[in-house]
Structure formats: structure tokens, C-alpha cells
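In UniProt numbering, the protein residues as written are 1 to 343. Reviewing the structure listed below.
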Amino acid sequence: MEIEEKQAEVIDHFVKQASAQKGSALGSVVVEATSHPSLFAFSEILAVPTVAELEGTDNSVHLEVLRLFAHGTWSDYKRNSGKLPQLVPDQVLKLKQLTVLTLAETKKVLSYDQLMLELDVTNVRELEDFLINDCMYAGLVRGKLDQLRRYFEVQFAAGRDLRPGQLGSMIQTLSNWLTTSDNLLVTIQDKIKWADTMSELDKKHRKELEDRVMEVKKAVSVKYDSAILGSIEKLKPPRGRKPSGSCFGLASYGIGVLIILWLPLCFYNARDSWYFSFLSSFRFHFLVFGNSYLCFTDSMVVENTIEKTVHGFMNLPVAWLHGVVLVFGFYFNKNFLKLIVII
1 MEIEEKQAEV IDHFVKQASA QKGSALGSVV VEATSHPSLF AFSEILAVPT VAELEGTDNS
61 VHLEVLRLFA HGTWSDYKRN SGKLPQLVPD QVLKLKQLTV LTLAETKKVL SYDQLMLELD
121 VTNVRELEDF LINDCMYAGL VRGKLDQLRR YFEVQFAAGR DLRPGQLGSM IQTLSNWLTT
181 SDNLLVTIQD KIKWADTMSE LDKKHRKELE DRVMEVKKAV SVKYDSAILG SIEKLKPPRG
241 RKPSGSCFGL ASYGIGVLII LWLPLCFYNA RDSWYFSFLS SFRFHFLVFG NSYLCFTDSM
301 VVENTIEKTV HGFMNLPVAW LHGVVLVFGF YFNKNFLKLI VII
């Protein structure tokens, strides 16, 4: 777009000059127009009546030069150089630039060998300098040069004037493109409808899955609540009976009373070493759970009667205290009381 905007004023300038000249005087206008560094379109000048009148006259050569720059290439000039006037250096440069544009119309990857042949260039360095300095910097083309693979990849190329008969093929190409675009649009719309349908099915499936999950959660919650209530009912004592704290309620009271009566008697008869040794050799561990009561009673085996007697009277208050705690523990821990006696 930049190159077209730049040459709009230049085209208007040369159209006015061509309209004001006739015959051989148009030769200088043609040379100046085909040498201008910013002008690459010549169809407007060809359409000027005074230029069209050169057809079939002695000055028709100027018309042929103008047509060469509008539609031809450097190879076309070399084939018809005997019928055309000698070109100045600026005209040669311009025609080679236009040749690159013509090649870029049909191929997006131009090999160095093809470019060197069409542009009459002898080495790669000269070719690359021409493409960079005279084509890319001028805004005619944009692309990448690959020295390793020896090709020029075209990304953009400015347009040239339409050749006679090219308009029909261009219209056909655009018509084919329009048909392809319409078919692609229909395909895209079908894909959109399919995607919408699949999305609705997915939402429906997800909703059904969430409902099933909620139902399972509710069923598990009901079963869990029923199991908890059943366990609580089992732990409750039978109606009409005083709660004993556990299945060992009566036994717990009896054991507590026996311990309270038995331990002082044990310590009082400490002189009878065989009796004390036999009784104190037992190790009692009472574990009371439920209200976090934990009581340990451990009688140690001693070696002689004096030590037995001393330990007996020292542990007398402790034995009474343990017995009292044990009885209270049996009474207050009604649901989770367990008694473990390890001998």
C-alpha cells in the first residue's frame, strides 16, 4: 500500500505531461516515466489518448517501450532489443525490478539460479545486493534470503499492471476463491452447530452425574447416621436397670472393694515373707478410659522382710488412694469403661 500511495502523485504528474504532448515529443516523457525511481505502474499513461495515437506511426517505438515496462521483463527486452531503443541505466534497473515482481506473482520461493538467469547477474553477491538494496529497501518486495539453500522466500510483492486478457483470469481466480470461502463458511457453521450440540450433551451428562453423586452422598449419609444411632442405642443400658457403666459393672465394684480390703492386709502381714512375697509378686495395671482416668498400681518384689515392711507401710496410703480412684472410675465411666488385669 505504501508504494501505491507514493506513486499516485507521480502517475498524475506524468498523465498530465503525456496529455500535453504529441508524436515524438512523447519520447522524452516515456523515458522520464520509465526511469523514475518511484513509478512502477504505467497503465494510466498508456490510457492517455495521445499515447494511444502512437500505434502504427513512426513513433510507435515509444509506445512499445511503455508496454514493455507495463507488462514485460528483462528477458523480453533482450529478445526484442533489436526493435527497441537502447535503455539508459535507470531504465535497466527499473526493468529488472519489475522482473522480480513478475517472478514473485507465480512463485513464493525463487531460487538464486533462476533469478541470476532472469536478471542477467553473474554472482550471488551481486544478486543479493540487488534484492536487498534495490528491491527490499524500495518497498517492492519483502522476504528472506537463504544463502545455504540458495533461494529467496517472498513474503510480500507489489502488484504490476494487468496484461491484456489477465483481467478475465483474475476474475475467475477470485470467483473460485469466493466459492471456496462459501464452502468453508458452511463447513465452519456445521462445526459450530456440532460443537453446540456436544456442549449441550456434555452439560446434560455432567448434570446427571452431579445428581447421581448427590444421591449417593445422601444415601451414605443416611446409612452412616443410622449406624451411629444404632451404636448409641446398643450402648444404652436396658430400661428399668440402673446403669453399671459397662458389662463389667458389678465385677468392677467387687474388685474395687477387694483391692481396698486386700492391699492393707497385705502390707500389715509383711513379716510373713512367704505370704507378702507371694502377694506382692503380682503386678496390677488398671486402665480406666472414657473420662481420661489412668491409674497404674505396681507392687515391687523386695528381698527381705525389713524392706517389705517399710515399703508396705509407705505404700499403704497410695494403695487406699488407688482403690478409691478405681471405684470412682468404675462408677463415672458408664459407657467406655474397660478393665484390664494383667498378672
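Just so you know, even glycine gets a beta-carbon here, dropped at the ideal spot from N, CA and C. It should be emphasised that the depicted structure is a prediction, and the values quoted were computed from it without experimental measurement.
message: Using CA atoms only, rank isn't needed, just tell me which of F40, G56, F156, V121 is closest to S75.
response: V121
query: Got a sec, what are the start and stop residues for the alpha helix (DSSP H) D113 sits in?
result: 112-119
- prompt: Which runs of the beta strand (DSSP E) fall wholly inside the UniProt domain "PCI" (1-159) and span at least 3 residues, in chain order?
  reply: 109-111, 141-146, 151-157
field: Distance, H62 Cα to L54 Cα
entry: 8 Å
task: Buried or exposed for R160, please, with buried defined as at least 16 other CB atoms from any protein chain shown within 10 angstroms of its CB.
output: buried
query: Should A52 be labelled buried (16 or more other beta-carbon atoms within 10 Å of its own) or exposed?
result: exposed
- prompt: Among Y137, E128, A158, F156, which has the Cα closest to the Cα of L148?
  reply: E128
field: Which listed residue (K22, L98, V48) has its alpha carbon closest to that of P37
entry: L98
message: For a test of the three-state rule: what should DSSP assign to R212, helix, strand or coil?
response: helix
message: I need the straight-line Cα distance from P85 to K144, nearest angstrom please.
response: 35 Å
message: Here's the rule I'm using: 16 or more other beta-carbon atoms within 10 Å means buried, otherwise exposed. How should Q172 be labelled?
response: exposed
- prompt: Could you give the distance in angstroms between the alpha-carbon of M170 and the alpha-carbon of S199?
  reply: 42 Å
- request: Grab me the residues of A18's own chain with a C-beta within less than 7 Å of its C-beta, minus the 5 sequence neighbours each way, in chain order.
  value: L26, V29, I45, V48, T50, V51
task: Indicate the three-state DSSP secondary structure (helix, strand or coil) for R206 in the structure shown.
output: helix
task: Using the Cα positions of I11 and F42, report the straight-line distance between them to the nearest angstrom.
output: 8 Å
message: If we define contact as Cβ-Cβ less than 8 Å, is T106 a contact residue for chain D?
response: Given the protein chain composition of this structure (a single chain), no chain D is represented.
- prompt: When burial is assigned at 16 or more other CB atoms within 10 Å of the CB, is Q189 buried or exposed?
  reply: exposed
query: By Cβ distance, which residues of its chain are closer than 8 Å to F130, with the 5 residues on each side in sequence left out?
result: K96, L119, V121
- prompt: Using DSSP with H/G/I as helix, E/B as strand and the rest coil, what is L184?
  reply: helix
query: Once you ignore the five residues that flank L185 on each side, which residues in its own chain have a CB closer than 6 Å to its CB?
result: none
message: Going by DSSP in three states, D196 sits in which element: helix, strand or coil?
response: helix
- prompt: Applying the criterion that 16 or more other CB atoms from any shown protein chain within 10 Å of the CB defines a buried residue, is H71 buried or exposed?
  reply: buried
Check whether residue 345 and S24 have beta carbons under 8 Å apart: In the structure displayed, the chain extends from 1 to 343; residue 345 sits before or after that span and is not available.
message: Quick check: what's the CA-CA separation for E153 versus K108?
response: 6 Å
field: Residue environment, Y112, which counts as buried when at least 16 other CB atoms sit within 10 Å
entry: buried
- prompt: With DSSP run on the structure shown, which of helix, strand or coil describes D161?
  reply: coil
message: Whole angstroms are fine: how far does the CA of V31 sit from the CA of G82?
response: 18 Å
CB-CB length for V100 against L140, believed under 8 Å: 7 Å
message: Spatial neighbours of A6 within its chain, please: C-beta separation below 6 Å, excluding the five flanking residues on both sides.
response: What sits at residue 6 in the sequence shown is Lys, not Ala. Only S38 meet the Cβ criterion.
- request: Kindly give me the distance between the Cβ atoms of L110 and Y151, rounded to whole angstroms, as I take these residues to be in contact under 8 Å.
  value: 6 Å
- prompt: Can you tell me the Cα-Cα spacing of T57 and E64, whole angstroms?
  reply: 11 Å
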